[in-house]
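No gaps in the numbering here: position 27 of the sequence shown is 486 in the numbering used here, and each next residue is one more. Glycine residues also receive a C-beta, built at the ideal position from the N, C-alpha and C atoms. Predicted, not measured: the structure shown is a model, and the values here were computed from it.
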Amino acid sequence: MVLALEIILLISAILMTIFVLLHKGKGGGLSSLFGGGVQSNLSGSTVVEKNLDRYTVVMVIIWLACIVGLNLIQTFAS
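As C-alpha cells, then:
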C-alpha cells in the first residue's frame, strides 16, 4: 500500500509540474505550442487553458491525498 501511494505521489508530482509549466503566463507560455494560442471569442481563456486548469487541480488533489494517506499510514503503523 505504501509503495503504491509513493508511486502515485511521484507520478502526480511529475504530471503536476508539467501541467503548471504548460499554463500560459503573461508572455504566452508553452501552452501555445499545443493549440493554446487561439483565443475564444466568448470567453477570456481558451478551452485548452480551461482543460489544463482542470487537469492541474485533479493532480493537486491526487498529490495531496497521497501525502495525507502516507502520513496517516506512518502515524498509525505499529
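{"query": "Ordered along the chain, which non-local residues of its own chain (more than five positions away) have a Cβ less than 7 Å from that of residue 525?", "result": "464, 467, 468, 471"}
{"query": "Would you say residue 511 and residue 478 are within 9 Å of each other, going by their C-beta atoms?", "result": "yes"}
{"query": "Note down the Cα distance separating residue 519 from residue 475, rounded to an integer number of angstroms.", "result": "7 Å"}
{"query": "Please report the Cβ distance between residue 461 and residue 532, rounded to the nearest whole angstrom; I am assuming they are in contact, meaning their Cβ atoms lie under 8 Å.", "result": "6 Å"}
{"query": "How many angstroms separate the CA atom of residue 549 from the CA atom of residue 481?", "result": "One cannot answer for residue 549 here, as it falls past the ends of the chain, which runs 460 to 537."}
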